[in-house]
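Enquirer: One structure, as structure tokens, below. Some questions next.
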Amino acid sequence: MLTEDEALNVAQAFLQDKYFNSKIRFLDNRLITRNNAQVYELHGEMNTQSHGVFDRFIIDKTANKYLFKIEIDAKEGCLVNYELT
């Protein structure tokens, strides 16, 4: 079974791979049981970087801020689900 730190590493690696150069901060982490399986439910916020040269002058800094929920299987260490809001 994964520790919470290992689940955080799996989640961070997934998010960094999908959203390159983003800053990730975990806010709330829980180990829950769903359908007879234990799952780490990790909540946090992510800031992505704009790719345009002039974006920093015309786009509000909060436009690239997202909240996320990501679920990692505690036994297998694989991604179960994730969503951005």
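The sequence shown runs contiguously to residue 84 in the numbering used here.
C-beta atoms are modelled at their ideal positions from N, C-alpha and C, and glycine is treated no differently.
Considering Leu26, what are the terminal residues of the beta strand (DSSP E) in which it resides?
Expert: Leu26 -> beta strand (DSSP E) spans 22-33.
Enquirer: Please check the pair Ala12 and Ile71, which I expect to be a contact at CB under 8 angstroms, by giving their CB distance rounded to whole angstroms.
Expert: About 11 angstroms separates the two Cβ atoms, so there is no contact after all.
Enquirer: Please go through the same chain and pick out, in chain order, the residues whose beta-carbon is closer than 7 angstroms to the beta-carbon of Asn20, but skip the five residues on each side of it.
Expert: Contacts found: Gln48.
Enquirer: Can you tell me which of the three DSSP states Leu7 falls into?
Expert: Reduced to three states, the DSSP call for Leu7 is helix.
Enquirer: Is Lys64 helix, strand or coil when you go by DSSP?
Expert: Strand, per DSSP.
Enquirer: Report the rounded CA-to-CA distance for Lys22 versus Asn35, giving the unit in angstroms.
Expert: Their backbone Cα atoms lie some 33 angstroms apart in a straight line.
Enquirer: Taking DSSP as the reference, what is the three-state secondary structure of Gln37?
Expert: Three-state DSSP puts Gln37 in a strand.
Enquirer: Here's a check: name, in chain order, each residue in its chain whose Cβ is nearer than 7 angstroms to the Cβ of Asp27, leaving out the five neighbours to either side.
Expert: His42.
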